[in-house]
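Numbering (the UniProt record's numbering), first residue to last: 1 to 212.
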């Protein structure tokens, strides 16, 4: 009887977590739908043609060496603490499952061979990532985030965790972790600016509404 009861509780719990994960995935897909993929691909293509450092970074993230560095970063205790905080405070959704998809997504990113002439002529000093951020529809991101936070679903919990001081503190610990000095230095050698990525991450999070 006790085992049967525990089994039912476990099934209900797993079912609830499945619904939470599904709801949050739907929320994230709504944001992904706002991303101008074609324009970003063209920006990447232009940088790949004209920017040797960007080209080197792209080649590196598709290498086995990058995968090994990624594993070292994921294995660091400070990274585990960061992802654990987001999982616990973000409605229980396993955020690490999203993070673990990053290497494959980067490896499979396709750069078009043909670049529109007008874009090839728009050469400037901004980095690829900064151009990507500038190409995003900020007003639409804010509107969507505000609506989902107001609805109070799973995304609202995760968003509140991302806006918290605790998340900033954990990110700072990750950035300055002794365990991560070697792999992060290696990324820097390949023109992957971790500090800039972190700064832009907080900038994107800041596009949404204030939380209480």
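Don't be surprised by glycine CBs; every beta carbon is placed ideally from N, CA and C. Nothing here was measured: the structure is a model prediction, and the numbers come from that model.
Element boundaries [alpha helix (DSSP H), containing residue i]
i, result
"residue 172", "165-175"
"residue 199", "194-205"
"residue 149", "138-151"
"residue 209", "Counting along the chain, residue 209 falls outside any alpha helix (DSSP H), and DSSP gives it neither H nor E."
"residue 35", "Taken as a continuous stretch (DSSP letters only), residue 35 belongs to no alpha helix (DSSP H), as it is neither H nor E."
"residue 183", "181-189"
Residue j beta carbon less than 9 Å from that of residue i
i, j, result
"residue 141", "residue 204", "yes"
"residue 98", "residue 28", "yes"
"residue 106", "residue 46", "no"
"residue 74", "residue 100", "yes"
"residue 128", "residue 44", "yes"
"residue 102", "residue 180", "no"
"residue 208", "residue 163", "yes"
"residue 153", "residue 23", "yes"
"residue 149", "residue 211", "yes"
"residue 144", "residue 30", "yes"
"residue 72", "residue 130", "no"
request  = Tell me the start and end of each unbroken alpha helix (DSSP H) in the stretch 39-101 that is at least 4 residues and wholly inside, in chain order.
outcome  = 52-61, 64-75, 77-89, 95-99
task = Assess, as a yes-or-no matter, whether the stretch 135-146 is touched by the stretch 34-54 under the definition of 3 or more beta carbon pairs within less than 8 Å.
result = yes
request  = Would you be able to state if there are at least three C-beta pairs under 8 Å between the stretch 189-200 and the stretch 44-57?
outcome  = yes
inquiry  = Taking contact to mean 3 or more Cβ pairs, one atom from each stretch, closer than 8 Å, check whether the stretch 175-190 and the stretch 81-91 are in contact.
reply    = no
task = Please determine if the stretch 60-77 and the stretch 157-172 are in contact, where contact requires at least 3 C-beta pairs separated by less than 8 Å.
result = no
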